[in-house]
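Undergrad:
Numbering (the numbering used here), first residue to last: -2 to 423.
(1) Looking at the strands, I want to know which residues DSSP matches up with residue 179.
(2) Contact check, residue 57 vs residue 204 under 8 Å by CB: the rounded distance?
(3) Is it the case that the Cβ atoms of residue 428 and residue 62 are separated by a distance below 9 Å?
(4) If distances are taken between C-alpha atoms only, which option among 347, 391, 220 comes closest to residue 144?
(5) What do you reckon, are the CB atoms on residue 211 and residue 397 nearer than 9 Å?
(6) Exposed or buried, which one is residue 19 when buried takes at least 16 other CB atoms within 10 Å?
(7) Residue 7 by DSSP, collapsed to three states: which one?
(8) Measure from the alpha carbon of residue 228 to the alpha carbon of each residue in 273, 239, 289, 377, then state which is nearest.
(9) How is residue 278 classed by DSSP in three states: helix, strand or coil?
(10) Report the residue ranges of all alpha helix (DSSP H) runs contained in full by the region 331 to 404; include only those spanning at least 4 residues, in chain order.
(11) Taking the beta carbon of residue 138 as the centre, do at least 16 other beta carbons fall within 10 Å, making it buried, or is it exposed?
(12) Identify the continuous alpha helix (DSSP H) that holds residue 72 and give its terminal residues.
(13) Taking only the alpha-carbon atoms, compute the straight-line gap between residue 281 and residue 238 and give it to the nearest angstrom.
(14) Which two residues bound the contiguous alpha helix (DSSP H) that contains residue 60?
(15) To the nearest whole angstrom, what separates the beta carbons of residue 213 and residue 345, a pair I think is in contact under 8 Å?
(16) Alpha carbon to alpha carbon, how far is residue 22 from residue 369? Give it in angstroms, no decimals.
(17) At a cut of 8 Å, does the region 147 to 154 reach the region 297 to 317 through at least three beta carbon pairs?
(18) Taking all protein chains shown into account, do 16 or more other C-beta atoms lie within 10 angstroms of the C-beta of residue 86, making it buried, or fewer, making it exposed?
(19) With distance defined between alpha-carbon atoms, name the residue in 92, 407, 28 nearest to residue 217.
(20) For residue 181 and residue 325, I'd like the C-alpha separation in whole angstroms.
(21) Compute the Euclidean distance between the alpha carbons of residue 100 and residue 94, then round it to the nearest angstrom.
(22) Is the beta carbon of residue 341 closer than 9 Å to that of residue 332?
(23) Can you have a look at residue 26 and say buried or exposed, based on whether 16 or more other CB atoms are within 10 angstroms of its CB?
(24) With residue 18 as the anchor, note down where its alpha helix (DSSP H) starts and where it stops.
(25) Cβ of residue 272 within 9 Å of Cβ of residue 375?
(26) Can you tell me whether residue 418 is buried or exposed, with buried defined as 16 or more other CB within 10 angstroms of its CB?
(27) Measure from the alpha carbon of residue 124 to the alpha carbon of each residue in 222, 420, 236, 363, then state which is nearest.
(28) Where does residue 404 land, buried or exposed, given buried means 16+ other C-beta within 10 angstroms?
(29) How many Å lie between residue 31 and residue 39 at the Cα?
(30) Take the Cβ of residue 382 as the centre, count every other Cβ of all protein chains shown within 10 Å, and call the residue buried at 16 or more, exposed below.
(31) Please classify residue 70 as buried or exposed, where buried requires at least 16 other C-beta atoms within 10 Å of its C-beta.
(32) State the CB to CB distance for the pair residue 243 and residue 363, rounded to an integer number of angstroms; the pair is presumed to be in contact (CB under 8 Å).
(33) Looking only at its chain, what residues have a beta carbon closer than 6 Å to the beta carbon of residue 156, apart from the 5 residues adjacent to it on each side?
Following this line, the structure appears as structure tokens:
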């Protein structure tokens, strides 16, 4: 099974040539999933099919909402509002990634190249510590991708089996397809001429395809966001590490200066070596900051969809949970839905906060030099400049409405809690 999965996820030579990344980077970072989840624009035909199917899901779900809004079927009405917000959220992820596809690929090319080459200016201890950090990140990606993929596969099975199981347990009710409404799909659909067999089958197929794309997009968007965030966090940590070890690095260069191929390097003093090492770290920091800005631009509208839609879904789910007019079969899974939505928002907010903290923490690197006082005259100006630059918050933004961090997640939960309190008091 493992070899089969590896076979279908392995990239072709054309794909690697187009992306300009290595096969290891492609496999480690789930590009196979990114292709089908609308993150990576690998085929014009697939992109058209993807967005057409997702847009159909939104229109058909809204059509269903309008048709059942005049009836007493509150279960179906509320569930479709819930699913419509989810489809809009997922399609927004694909739109954001397609819109800034160049920035998305630029980040991965930088990750594939290792961001920055220190050209032999790292001492053995620092080099070993950085290698351990990168090895731990690779292991994290492998474990997380496997576990999260399995979780989403289980979710897919449950989502697609919910309607048949419900129909089996409580009976059929109205004939599916009546009044052009299809309920046997993962969510309610309005499809013209669904009273007839062929249009009904077509609508049912498109509804199931859209439901599958929603789950694949949820998988791909989370994986890509976490992987890019972890890569940037790691690079900030590497910059901090190299700054804190600038004395040790400089001493190694000073000891080996006579072996340098460049004559001017052979005449370097210890101070020259220290300045060279700090400059290397600063260049690495500049590249990482530039990639951070590219990432912020890429996630600008994507995070807005996550935060805004997540808040609405939490409020609607809370309303469904406490509404006695909603059937028990629909209310029963709502605690799980609320937990999943809150967890998803937490993941995005948590990494937003971690990125901000990682950038701020770089400024402490030079101060952590073990022999700071011995070379403070050289180090102090650099330390002040780097520290003052890092003290400026470098935060992810949800389309300018709010910064993305754990405080924002707390505000989402507070809003949902306040909404429940308001409903209970009325």
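Even for Gly, the Cβ is constructed at its ideal location relative to N, Cα and C. Bear in mind that the values here come from a model prediction, so they are computed numbers and not experimental data.
TA: Put simply:
(1) 186
(2) 7 Å
(3) Because the chain is modelled from -2 through 423, residue 428 falls outside the range shown and cannot be assessed.
(4) 220
(5) no
(6) exposed
(7) Three-state result, residue 7: coil.
(8) For residue 228, the closest alpha carbon among the candidates 273, 239, 289, 377 is that of 289.
(9) helix
(10) 331 to 359, 373 to 387
(11) The residue in question, residue 138, is buried, as its Cβ has 16 or more Cβ neighbours within 10 Å.
(12) In the DSSP annotation of this structure, the continuous segment of the alpha helix (DSSP H) that includes residue 72 starts and ends at 71 to 96.
(13) 12 Å
(14) 41 to 65
(15) Not really, about 18 Å apart at Cβ, beyond 8 Å.
(16) 38 Å
(17) Judged by Cβ distances under 8 Å, the region 147 to 154 makes no contact with the region 297 to 317, as fewer than three pairs qualify.
(18) buried
(19) 28
(20) CA-to-CA, the gap between residue 181 and residue 325 works out to about 19 Å.
(21) 9 Å
(22) Contact flag unset, no.
(23) Residue 26 counts as buried, since no fewer than 16 other beta carbons sit within 10 angstroms of its beta carbon.
(24) Neither: residue 18 is in no alpha helix (DSSP H) and is coded neither H nor E.
(25) yes
(26) Classification for residue 418: exposed.
(27) 236
(28) With fewer than 16 Cβ atoms within 10 Å of its Cβ, residue 404 is classed as exposed.
(29) 9 Å
(30) exposed
(31) buried
(32) Separation of the CB atoms of residue 243 and residue 363 is rounded to 7 Å, and the pair is thereby assigned contact status at 8 Å.
(33) 183
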